[in-house]
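Reviewing the structure listed below.
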Amino acid sequence: MTRYETLISLQENFMQLVAKNIIPVHVLDWKVYYEAYLKETDYHKKYFKKVRKTHMIQQVAENYNITERTMFNVVAFMEG
1 MTRYETLISL QENFMQLVAK NIIPVHVLDW KVYYEAYLKE TDYHKKYFKK VRKTHMIQQV
61 AENYNITERT MFNVVAFMEG
């Protein structure tokens, strides 16, 4: 089970844990970024033959005005 799947399984308890500072607030931001990455991945798999992780990360990083390095860290954290 990945960290993202664990966060999803918490459902409303996730927000309670963030509110009590048990889970850092930036993890909530990272969850949003990772969900955008997954959406971008689904789009690329549907419409393109070759799926490039770096291109999808560039798209999400540009949309959310974050660095590509941060996005790589988000993906590595959520898939870990």
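Mind the numbering: the sequence shown is residues 1 to 80 in UniProt numbering, read in order. Ideal Cβ positions, reconstructed from N, Cα and C, are used throughout, including at glycine. Please read these numbers as outputs of a predicted model, since none were measured by experiment.
Are residue i and residue j close, meaning C-beta to C-beta below 9 Å?
| i | j | result |
| --- | --- | --- |
| residue 43 | residue 60 | no |
| residue 3 | residue 77 | yes |
Leaving out five residues on either side along the sequence, give the residues of the same chain with a beta carbon under 6 Å from the beta carbon of residue i.
| i | result |
| --- | --- |
| residue 74 | 30, 33, 34 |
Within its chain, find whatever has a CB closer than 7 Å to the CB of residue i; leave out the 5 residues flanking it on each side and keep chain order.
| i | result |
| --- | --- |
| residue 28 | 18 |
Once the 5 residues before and after residue i are set aside, which same chain residues still bring their CB inside 8 Å of it?
| i | result |
| --- | --- |
| residue 10 | 17 |
| residue 57 | 37, 68, 71, 72, 75 |
Runs of 4 residues minimum, wholly inside the stretch 33 to 66: which ones carry the alpha helix (DSSP H) assignment?
53 to 64
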